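All remarks here apply to the structure that follows.
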Amino acid sequence: ETGVTQSPTHLIKTRGQQVTLRCSSQSGHNTVSWYQQALGQGPQFIFQYYREEENGRGNFPPRFSGLQFPNYSSELNVNALELDDSALYLCASSPGDSQETQYFGPGTRLLVL
Amino acid sequence: AQRVTQPEKLLSVFKGAPVELKCNYSYSGSPELFWYVQYSRQRLQLLLRHISRESIKGFTADLNKGETSFHLKKPFAQEEDSAMYYCALNYGGSQGNLIFGKGTKLSVKP
Numbered sequence: 001e002t003g004v005t006q007s008p009t010h011l012i013k014t015r016g017q018q019v020t021l022r023c024s025s026q027s028g029h030n031t032v033s034w035y036q037q038a039l040g041q042g043p044q045f046i047f048q049y050y051r052e053e054e055n056g057r058g059n060f061p062p063r064f065s066g067l068q069f070p071n072y073s074s075e076l077n078v079n080a081l082e083l084d085d086s087a088l089y090l091c092a093s094s095p096g097d098s099q100e101t102q103y104f105g106p107g108t109r110l111l112v113l
Numbered sequence: 001a002q003r004v005t006q007p008e009k010l011l012s013v014f015k016g017a018p019v020e021l022k023c024n025y026s027y028s029g030s031p032e033l034f035w036y037v038q039y040s041r042q043r044l045q046l047l048l049r050h051i052s053r054e055s056i057k058g059f060t061a062d063l064n065k066g067e068t069s070f071h072l073k074k075p076f077a078q079e080e081d082s083a084m085y086y087c088a089l090n091y092g093g094s095q096g097n098l099i100f101g102k103g104t105k106l107s108v109k110p
C-alpha cells in the first residue's frame, strides 16, 4: 500500500502566474482534501473532493480550484498568484467514510515572488 | 464561528515530567476533535481522536464540553515526543472539514 504523494516538492512562481499542484491518493482512497499551511500557522481547509465532485469548501476565493480524476488523484490550481499564497500546500486522502482517518502527503512548498 | 485555540506556541519540559498541551474550541454543534502530530521531517499524522477514547504513545485527551477544551496529556514525557502538535475540530460531516489550531511545539529535554 503506497502513501499519499505530492508533486512538486518545491515551486517558485511570480505574482500573477498560475500554478498546478498534484496529489496522488493512498491506494483505495476516494476522498481527497487540500489544505494551505502558512508559516507558523496550522493547516487551513481549502476544499475536498469525493468521487470527482467538490464536497465542501473552506474560505478561499474562486481562483483556488481543484479536480479529482477517475483514479482519485487530484490537482489544486491557483490562478493570479498573490504573495500571500506562499505556503505549504498539503493534500490528505481518506477512504471516504466520514469516520475514517485522513492520511497526509508531505506537501508542496510554494513561494510567490 | 468555529475556532480552535492553542495558547502555547512552545512548551518545554524535561524527560519524565508530565505534559499537558492545551486546546480550546468554539463550536455550537456537537464537536469532533482530534490531535495531529508532526515529527521532525515527517508528515502530519493523526495522534488520537476523542470518539476513540484511546491512548496512543501514552497520550490521552478528554473532551470537556463544559470548558470547551480537549487538552492532550502524558504523565511522563519522552525525548521522542518532541514534535509539533495540532488540535483540530471537525465541523462538517466529512473529516476533511477540519479547523486546525496554530500548533504547539513540544520540546522534551534530556
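Those sequence lines, one after another, are chains H and Z. If you count the first sequence from 1, position 7 lands on 7 in this note's numbering, and the numbers rise without skipping. If you count the second sequence from 1, position 79 lands on 79 in this note's numbering, and the numbers rise without skipping. Beta carbons: idealized from backbone N, C-alpha and C, even for Gly. Source: prediction; values computed, not measured.
- With a cut-off of 8 Å on Cβ pairs, the stretch 30-43 of chain Z is in contact with the stretch 78-87 of chain Z, counting three or more such pairs.
- Per DSSP, the unbroken beta strand (DSSP E) holding L48(Z) starts and ends at Q45 to R49.
- Minimum Cα-Cα distance from R3(Z) among the listed residues K15(Z), R49(Z), S26(Z) and S52(Z) corresponds to S26(Z).
- P70(H) counts as exposed, since fewer than 16 other C-beta atoms from the protein chains shown sit within 10 angstroms of its C-beta.
- DSSP places L11(Z) in the uninterrupted beta strand (DSSP E) bounded by L10 to F14.
- The beta carbon of R53(Z) sits no closer than 7 Å to any beta carbon of chain H.
- Under a criterion of Cβ atoms nearer than 9 Å, no residue of chain Z is adjacent to P61(H); the nearest Cβ is some 18 Å distant.
- When C-beta distances to chain Z are compared with 8 Å, the residues of the stretch 65-96 of chain H below that value are L90, A92 and S94, in chain order.
- Straight across, the Cα-Cα distance linking G105(H) with S7(H) is about 10 Å.
- Taking G66(H) as reference, the option from G42(H), S86(H) and T31(H) with the minimal CA-CA separation is T31(H).
- For the pair L111(H) and G66(Z), the Cα-to-Cα distance works out to about 42 Å.
- In this structure, the straight-line span from the alpha carbon of H71(Z) to that of G42(H) is close to 17 Å.
- At a cut-off of 7 Å between beta carbons, Y27(Z) makes no contact with chain H.
- Straight-line spacing of the CA atoms in V19(Z) and V108(Z) works out to 9 Å.
- The stretch 24-39 of chain H and the stretch 69-85 of chain H touch, with three or more beta-carbon pairs separated by less than 8 Å.
- Per DSSP, the beta-bridge partners of A88(Z) are F34(Z) and F100(Z).
- Residue N90(Z) holds the alpha-carbon nearest to the alpha-carbon of L33(Z) among N90(Z), P75(Z) and K57(Z).
- According to DSSP, F64(H) shares a beta bridge with V78(H).
- The straight-line gap separating the alpha-carbon atoms of Q6(Z) and L63(Z) is approximately 15 Å.
- Measuring C-alpha to C-alpha distances from G40(H) to each of Q45(Z), E54(Z) and L10(Z) identifies L10(Z) as the nearest.
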